[in-house]
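**Student:** Below is a structure I'd like to ask you about.
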Amino acid sequence: TSDPAPSFSPALSINNQPSVATPAPQPTTTVPSIAGLNSMMMAANPLLYMSALANVSNGTSSTSSSSFPSFSLLDSSCVAMLMKMAVDLDLTLSYHKRRGEAEIAFESNRTAEKSGGRGKMIAFSDLGKDIRVSERVNGSNTESELWTKTDVHQFQWAIRGKCTKILK
Numbered sequence: 001t002s003d004p005a006p007s008f009s010p011a012l013s014i015n016n017q018p019s020v021a022t023p024a025p026q027p028t029t030t031v032p033s034i035a036g037l038n039s040m041m042m043a044a045n046p047l048l049y050m051s052a053l054a055n056v057s058n059g060t061s062s063t064s065s066s067s068f069p070s071f072s073l074l075d076s077s078c079v080a081m082l083m084k085m086a087v088d089l090d091l092t093l094s095y096h097k098r099r100g101e102a103e104i105a106f107e108s109n110r111t112a113e114k115s116g117g118r119g120k121m122i123a124f125s126d127l128g129k130d131i132r133v134s135e136r137v138n139g140s141n142t143e144s145e146l147w148t149k150t151d152v153h154q155f156q157w158a159i160r161g162k163c164t165k166i167l168k
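FYI, UniProt numbering numbers position 67 of the sequence shown as 67, with every residue one higher than the one before it.
This is how it looks when you write it as structure tokens:
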């Protein structure tokens with residue numbers, strides 16, 4: 001008679017000890033943090049970003065159709081808020097109506113007297129559903145962008161951030 005061949009189990013190593021299988025390493029993907037995404041979105045359009053946050057928190061959709069926002073750059077309450085902001089941030093606030101378009105501008109008090117209103121400024125024009133934000137140096141536009149109107153309080157904080165970043 002012949003001896004049967006020794007059995008061999010693939011799950012056992014040579015010394016009949018269980019083998020340990022290590023899983024293959026998984027590829028990793030770097031995903032920006034929520035804070036990183038929020039910063040990128042906030043920098044791109046502060047008013048739209050704040051509107052999206054408000055919509056998420058109250059369960060509404062940003063695609064819902066609505067009429068124009070409930071504030072205007074020239075509303076008495078908005079003008080009063082802008083005047084208070086100018087005092088708080090030590091800025092000069094000016095109003096101009098050029099080419100049929102009303103414009104409110106901020107300039108640093110440190111440079112306003114020296115430049116005669118020709119230094120670095122940030123100007124805001126109400127276009128109905130949007131606000132045009134223009135940066136100027138010596139009266140020439142250096143940068144311009146549109147902010148979609150949402151809420152006057154969000155607008156206030158967006159202006160504070162922009163003025164602090166550019167004029168301080």
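Using N, Cα and C, we set each Cβ at its ideal position, and we do this for glycine too.
1) Threshold first: 3 residues or longer. Then list the beta strand (DSSP E) segments lying entirely within the segment 107-144, N to C.
2) Between the C-alpha atoms of VAL152 and LEU82, what's the straight-line distance to the nearest angstrom?
3) Label SER144 either buried or exposed according to how many other C-beta atoms from any shown protein chain fall within 10 Å of its C-beta, with 16 as the threshold for buried.
4) Which two residues bound the contiguous beta strand (DSSP E) that contains ARG98?
5) From GLU101 to GLY139, what does the alpha carbon distance come to, in whole angstroms?
6) To the nearest angstrom, report how far apart CYS163 and VAL133 are at their CA atoms.
7) Helix, strand or coil: which one does DSSP assign to THR150?
8) Measuring alpha carbon to alpha carbon, tell me which of ARG98, LEU127, SER108 and SER94 ends up nearest LYS165.
9) Given a cut-off of 7 Å on the beta-carbon distance, is the pair PHE106 and ILE122 in contact?
**Tutor:** Taking the definition as stated:
1) 120-126 and 130-137
2) 11 Å
3) exposed
4) 91-98
5) 16 Å
6) So the alpha carbons of these two residues sit roughly 11 Å apart.
7) coil
8) Comparing alpha carbon positions, the residue from ARG98, LEU127, SER108 and SER94 closest to LYS165 is SER108.
9) The Cβ-Cβ distance between PHE106 and ILE122 falls below 7 Å.
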